[in-house]
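**Student:** Can you keep this structure in mind? I'll have questions shortly.
Here is the structure:
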């Protein structure tokens, strides 16, 4: 089952950075942190993942604390199209199940 | 490259009936996972197939079953439908079972009356 804790909802002003926190205090050494998002009426979409180093791609940045018990997804310049439910997931590198939990509903405000 | 397709997109059934949903993965992807999404329970893992074998199964009753064909297409079946089975059923494909990225289809919206 889901091993992450996320705030149920957040707001962010358009053009500002959106920082979405996730707590995964029971994460194991071989488990990665994944982020997906689900825009209304669509299937979830992969954003980024990481093990212990910070990661960045064209969509977002992932900051993982040194003890790996929490992480933050950063959308550097939020747009209205970033309004979605964001899921933080931990999964072993040899695992094949994604446990999505309830996620954070992010609303980007004009 | 075509995405994951699911058919039908919408379905209405009555209690006690059975239903079969279909998923065609992205070409070259051999792993197919199924999820159920409801407002109350969120997104829950049903099962995953890789190379025609069920690799993992979530905590759902035996009324929920699935299979995968040699071309990686997958079907899931729900027998003796209950009102609580009303949900969005999502299929996701990936190159392998342990791939980092799963690609989701648009889902099948099942309504049980």
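Chains as they are written, first to last, in this note's numbering: chain A, 7 to 116; chain B, 29 to 141. Beta carbons are placed, not taken as given, at the ideal position from N, Cα and C, and that holds for glycine.
(1) I need the straight-line Cα distance from residue 85/B to residue 63/A, nearest angstrom please.
(2) I'd like the list of long-range same chain contacts for residue 113/A, defined as Cβ closer than 6 Å, with 5 residues on each side in sequence excluded.
(3) Less than 8 Å between CB atoms is the rule here; does residue 30/A satisfy it with respect to chain B?
(4) Thinking just about the alpha-carbon of each residue, which of 21/A, 42/A, 25/A is nearest to the one in residue 96/A?
(5) Measuring only between beta-carbons, confirm whether residue 92/A sits less than 8 Å from chain B.
(6) Relative to the C-alpha of residue 56/B, which candidate in 123/B, 140/B, 127/B has its C-alpha closest?
(7) Any beta-carbon of chain B closer than 8 Å to the one on residue 46/A?
(8) Measure the C-alpha to C-alpha separation of residue 103/B and residue 104/A and round it to an integer number of angstroms.
(9) So what does residue 55/A bridge to, in DSSP terms?
(10) Interface residues of chain B around residue 55/A at Cβ under 7 Å?
(11) According to DSSP, is residue 94/B helix, strand or coil?
(12) Spell out whether any CB of chain B is found under 8 Å from the CB atom of residue 108/A.
**Tutor:** So, to answer that:
(1) Taking the Cα positions, residue 85/B is about 32 Å away from residue 63/A.
(2) Contacts found: 17, 89.
(3) Chain B contact via Cβ: absent.
(4) Among 21/A, 42/A, 25/A, the Cα nearest to that of residue 96/A is on 42/A.
(5) Nearest CB-CB separation between residue 92/A and chain B: not below the 8 Å threshold.
(6) Cα-wise, what sits closest to residue 56/B is 123/B.
(7) For residue 46/A, the answer is no, since every Cβ of chain B falls outside 8 Å of its Cβ.
(8) Rounded to the nearest angstrom, the two C-alpha atoms are 20 Å apart.
(9) Under DSSP, the beta-bridge partners assigned to residue 55/A are 40/A.
(10) Below the 7 Å Cβ cutoff, chain B contributes 128 as neighbours of residue 55/A, in chain order.
(11) Residue state, collapsed to three classes: strand.
(12) Interface residue, yes.
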